[in-house]
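This report concerns only the one structure given below.
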Amino acid sequence: MSAPLLSIRGVKTFYGNIMALAGVDLDVCEGEIVTLIGANGAGKSTLMMTICGTPQAREGTILFEGRDITRLPTHEIIRSHIAQAPEGRRIFPRMTVYENLQLGAAVTGFAHFDQDLKRVFTLFPTLAERREQRGGTLSGGEQQMLSIGRALMSRPRLLLLDEPSLGLAPLLVQQIFEAIRNLNEREGLAIFLVEQNAHHALKLAHRGYVLVNGLITLEGAGRELLERPEVREAYLDGGRRRTEQAR
Amino acid sequence: MPNEVASAKPGTNFDVVGALKDAGLAALIAFGLFSLILGLRTEQDQISQQLALIPRPLLLAGAVAVVFAGRFLVALLVRRGGMIDPGALLPHRLTAKLDRLGRFLAPALLAFAIATPFLFYSNRYLLDLGILVLTYVMLGWGLNVVVGLAGLLDLGYVAFYAVGAYSYALIAQHFGLSFWICLPLAGIFAAFWGVLLGFPVLRLRGDYLAIVTLAFGEIIRLVIINWSSLTGGPNGIASIPRPSFFGIPFTDDEHGFAAFFGLEFSSTHRVVFLFYVILALALLTNYATLRLRRLPIGRAWEALREDEIACRSLGINTTHTKLTAFAIGAMIGGIAGSFFATRQGFISPESFVFMESALVLAIVVLGGMGSQLGVAIAALVMIGGFELFRGFEQFRMLVFGVVMVAIMVWRPRGLIANRTPSVFLEQRKVIPAALVEKARR
Ligand SMILES: Nc1ncnc2c1ncn2[C@@H]1O[C@H](COP(=O)(O)OP(=O)(O)OP(=O)(O)O)[C@@H](O)[C@H]1O
Ligand SMILES: [Mg+2]
Chain A
4 MSAPLLSIRG
14 VKTFYGNIMA
24 LAGVDLDVCE
34 GEIVTLIGAN
44 GAGKSTLMMT
54 ICGTPQAREG
64 TILFEGRDIT
74 RLPTHEIIRS
84 HIAQAPEGRR
94 IFPRMTVYEN
104 LQLGAAVTGF
114 AHFDQDLKRV
124 FTLFPTLAER
134 REQRGGTLSG
144 GEQQMLSIGR
154 ALMSRPRLLL
164 LDEPSLGLAP
174 LLVQQIFEAI
184 RNLNEREGLA
194 IFLVEQNAHH
204 ALKLAHRGYV
214 LVNGLITLEG
224 AGRELLERPE
234 VREAYLDGGR
244 RRTEQAR
Chain B
33 MPNEVASAKP
43 GTNFDVVGAL
53 KDAGLAALIA
63 FGLFSLILGL
73 RTEQDQISQQ
83 LALIPRPLLL
93 AGAVAVVFAG
103 RFLVALLVRR
113 GGMIDPGALL
123 PHRLTAKLDR
133 LGRFLAPALL
143 AFAIATPFLF
153 YSNRYLLDLG
163 ILVLTYVMLG
173 WGLNVVVGLA
183 GLLDLGYVAF
193 YAVGAYSYAL
203 IAQHFGLSFW
213 ICLPLAGIFA
223 AFWGVLLGFP
233 VLRLRGDYLA
243 IVTLAFGEII
253 RLVIINWSSL
263 TGGPNGIASI
273 PRPSFFGIPF
283 TDDEHGFAAF
293 FGLEFSSTHR
303 VVFLFYVILA
313 LALLTNYATL
323 RLRRLPIGRA
333 WEALREDEIA
343 CRSLGINTTH
353 TKLTAFAIGA
363 MIGGIAGSFF
373 ATRQGFISPE
383 SFVFMESALV
393 LAIVVLGGMG
403 SQLGVAIAAL
413 VMIGGFELFR
423 GFEQFRMLVF
433 GVVMVAIMVW
443 RPRGLIANRT
453 PSVFLEQRKV
463 IPAALVEKAR
473 R
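So the protein lines, in turn, are chains A and B. Here the first sequence stands for residues 4 to 250, numbered as in the numbering used here. Here the second sequence stands for residues 33 to 473, numbered as in the numbering used here.
Written out as structure tokens, the structure reads:
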């Protein structure tokens with residue numbers, strides 16, 4: 004395998020004195036979907052944010068395309084073509100869909116705005132219909148599409164998605180995951196996906212990591228992890244049994 | 033109390049007992065509040081020079097009675113369901129109309145402003161008032177960049193007003209430069225101070241930011257008071273050069289403005305000129321703000337107001353964005369300040385107290401954060417209203433407060449609350465429109 008696109012080595016992140024990441028090693032290669040699963044509070048979102056530089060890692064290195072980005076300010080990291088759809092979507096509620104997308108393109112200097120807009124609208128046709136609607140009045144699923152679309156507007160070479168399926172109905176989850184697969188298969192976009200929905204995520208991903216209390220405890224191919232008893236026990240069976248009961 | 037619970041249900045008959053109780057409580061509170069404010073009056077005895085307390089039981093009783101009656105009516109008629117619905121207090125259609133009126137209001141107001149010096153040429157008082165209102169419109173628009181657009185609560189805006197005024201006064205006096213050169217210089221100075229304030233508060237938001245900016249405003253004022261050798265301390269600076277008509281002074285001799293244009297000398301010429309200067313400056317501010325809002329930097333300000341973390345994750349440099357907001361807001365304040373200095377001809381620290389910051393902030397908030405027209409109307413209402421109630425002296429602030437509370441209850445987001453989406457890159461509209469079609473198919 005060639006040198007990874009994103010390479011994280013021994014990263015430790017602190018909130019005050021509390022260690023949220025206790026030395027994480029992780030790689031994302033060109034054209035790959037990598038997923039990170041873990042319990043609530045394991046530090047998944049922290050890892051995402053650390054890649055983007057808020058907060059910065061106290062120890063360890065993060066290389067992107069061979070360049071050390073560990074100590075860069077956030078806006079420079081984003082400018083080196085990493086984009087994030089952060090946890091909780093964080094779209095701008097009083098701005099229209101169109102304006103939200105414009106802000107996503109802020110770092111590109113609007114050089115290829117039309118093309119990028121077209122690409123996002125093709126991927127999520129609902130957004131095109133709701134162009135002039137205020138972000139805050141979109142449904143949860145539409146907001147998620149907007150959040151992903153906005154991230155895509157900066158033409159990333161690596162897309163970070165933090166729980167894109169959170170709070171969505173199964174049909175919408177499928178739609179979002181379909182879009183992620185499309186992006187990856189058609190455009191070869193590398194995607195780093197944090198998910199609670201472990202079953203879906205591991206099926207979709209080429210590789211997966213399991214994060215427990217700020218440490219990576221397992222890694223492997225997506226389908227392989229899916230079969231591992233410790234993963235099934237902790238993240239899958241419980242969930243499936245519950246959904247089966249619901250049926 | 034079971035019967036009270038039952039009667040509180042919506043749809044039941046008037047709950048007289050509950051309303052009476054409620055009104056009684058309100059009257060009690062009113063009595064407590066007013067007993068010292070209205071019930072007693074201190075007067076200095078002319079002969080013995082001693083303070084005498086004069087009780088005013090009738091006034092007090094009247095005030096309490098008004099509160100009781102008002103509260104009783106409100107409780108009886110409006111509050112049957114429980115909470116007061118502010119919308120129910122005022123006609124809904126009026127609000128909708130106000131929004132629609134907005135479109136015609138702006139050009140009408142502008143035309144009125146341009147015509148004012150002709151309409152009220154002989155009324156010096158109104159012209160002066162007009163200049164004052166326009167100064168506050170400009171200040172409001174300046175602060176609007178910081179508070180309304182970028183969402184950075186600034187309680188020390190008057191500091192930049194002061195910096196602009198003193199910059200103009202000092203530069204004009206010591207270097208003899210003309211108004212038109214001093215004006216941008218004062219603006220640049222103020223912008224510099226804006227950045228200076230911006231740096232330490234970059235990490236602060238909300239309450240903390242407000243406190244630090246409040247302190248900043250006071251610091252500037254205290255420095256001005258105590259740095260007597262430069263600023264004249266509490267005595268201020270007098271005989272600041274008055275503006276000339278692009279080099280032609282407004283004097284009563286053969287080189288003056290009147291003689292040059294073959295007019296009879298009148299001191300109103302200068303007032304009219306000042307009126308148009310501040311009108312032009314305010315319009316320039318408005319134009320610049322509207323332009324900036326459509327540029328990426330303006331969009332970044334608004335995004336910053338909405339969600340700072342999202343801003344960062346989109347690669348927007350928040351440091352840069354905040355500092356430019358502070359700098360541009362400060363610059364506008366500074367320019368308004370230097371106009372103030374040249375109009376007054378005299379400045380002292382007393383003109384730059386916290387009350388001024390509060391007034392400008394109130395204008396921005398009442399106007400509807402981020403709305404240019406709203407700010408202009410609010411400035412007109414507030415400053416004009418302030419003058420209107422000048423005769424009431426001590427009650428002026430009271431009326432003022434009541435109006436403010438009323439507006440906030442009625443329109444919690446300000447007079448003109450709707451944020452118009454500002455689409456920039458006009459021609460882009462075409463392609464996505466076609467896309468919409470495609471998406472529907
Ligand atoms: N800003 C913060 N200040 C202090 N502690 C924080 C902060 N953000 C997160 N933490 C703590 O760091 C730990 C990891 O949080 P993180 O948000 O990364 O978890 P997560 O894996 O994303 O969880 P979830 O699945 O619930 O989103 C948690 O214990 C959390 O309480
Ligand atoms: Mg999380």
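Ideal Cβ placement from N, Cα and C applies to all residues, glycine included. Computed from a predicted structure; not experimentally measured.
Cα atoms of B:A410 and B:G399: separation of roughly 5 Å, rounded to the nearest angstrom. Relative to ligand 1, the beta carbon of B:A51 is positioned no closer than 7 Å to any heavy atom. Of the candidates B:Y193, B:W225, B:G183, B:V413, B:Y193 places its Cα closest to the Cα of B:L171.
A check of alpha carbon separations from B:V106 across B:D47, B:F282, B:I146, B:L91 identifies B:D47 as the nearest. Under the three-state reduction of DSSP, B:P87 is assigned to strand. At a Cβ-Cβ threshold of 8 Å, A:L24 and A:G217 count as neighbours.
A straight-line Cα-Cα distance of about 16 Å links B:L241 and B:V177. Short note on A:N200: C-beta not closer than 7 Å to any heavy atom of ligand 1. Selection B:A247, B:L262, B:V190, B:I146 evaluated against B:L202 yields B:L262 as nearest (Cα-Cα). Annotation for A:S48 indicates a beta carbon within 7 Å of some heavy atom of ligand 2.
B:D339 reaches chain A at R93, I94, F95, P96, counting residues in chain order whose Cβ is nearer than 9 Å. Within the region 346-374 of chain B, contact with chain A at the beta-carbon level (separation under 9 Å) is assigned to L346, G347, I348, N349, T350, T351, H352.
B:A332 belongs to the set of residues whose beta carbon lies under 8 Å from a beta carbon in chain A.
Judged by the Cβ position, B:A342 fails to qualify as a neighbour of ligand 1 at the 7 Å threshold, every heavy atom of the ligand being at least this far. Its chain contains V213 as the residues whose beta carbon lies nearer than 6 Å to that of A:L221, once the 5 sequence neighbours on both sides are disregarded; these appear in chain order. Along the region 60-94 of chain B, there is no position whose C-beta sits under 9 Å from a C-beta of chain A.
When 8 Å is used as the limit between beta carbons, B:A335 is near these residues of chain A: F95, M98, L106, in chain order.
Within chain B, no residue has its CB atom less than 8 Å from the CB of A:S142, the nearest being about 17 Å off. For ligand 2, no non-hydrogen atom lies closer than 7 Å to the CB of A:E190. The closest heavy atom of ligand 1 lies 7 Å or more from the beta carbon of A:A204. Using a Cβ-Cβ cut-off of 8 Å, B:P232 does not count as an interface residue toward chain A, since no Cβ of chain A sits closer than that to its own. With distances taken between CA atoms, B:G174 lies nearest to B:G196 out of B:G64, B:G196, B:D339. By the Cβ rule, the region 48-61 of chain A counts as touching the region 162-169 of chain A, because three or more pairs are nearer than 8 Å.
Residue B:G416 holds the alpha-carbon nearest to the alpha-carbon of B:I163 among B:D285, B:P266, B:G416. DSSP, reduced to helix, strand and coil, places A:T73 outside both helices and strands of the structure shown, so it counts as coil. B:L184 and B:F277 have their alpha carbons spaced roughly 38 Å apart.
Contact check between the region 70-86 of chain A and the region 365-379 of chain B: fewer than three CB pairs, one atom from each, fall below 8 Å, which does not count as touching.
In terms of Cβ geometry, A:R134 and A:M98 do not form a close pair [threshold 8 Å].
When DSSP states are grouped into helix, strand and coil, B:A95 belongs to the helix group. Here B:G265 is near B:I257, since their CB atoms are less than 8 Å apart. For the pair B:L412 and B:V165, the CB atoms are nearer than the 8 Å cut-off. Nearest C-alpha to B:F221 among B:G365, B:S403, B:A59, B:L68: B:G365. CA-to-CA, the gap between A:L174 and B:L229 works out to about 51 Å.
One alpha carbon belongs to B:A291, the other to B:F211, and they sit about 21 Å apart.
C-alpha of B:A62 to C-alpha of B:A95: approximately 8 Å in a straight line. Here the alpha carbons of B:A394 and B:A84 stand approximately 37 Å from one another.
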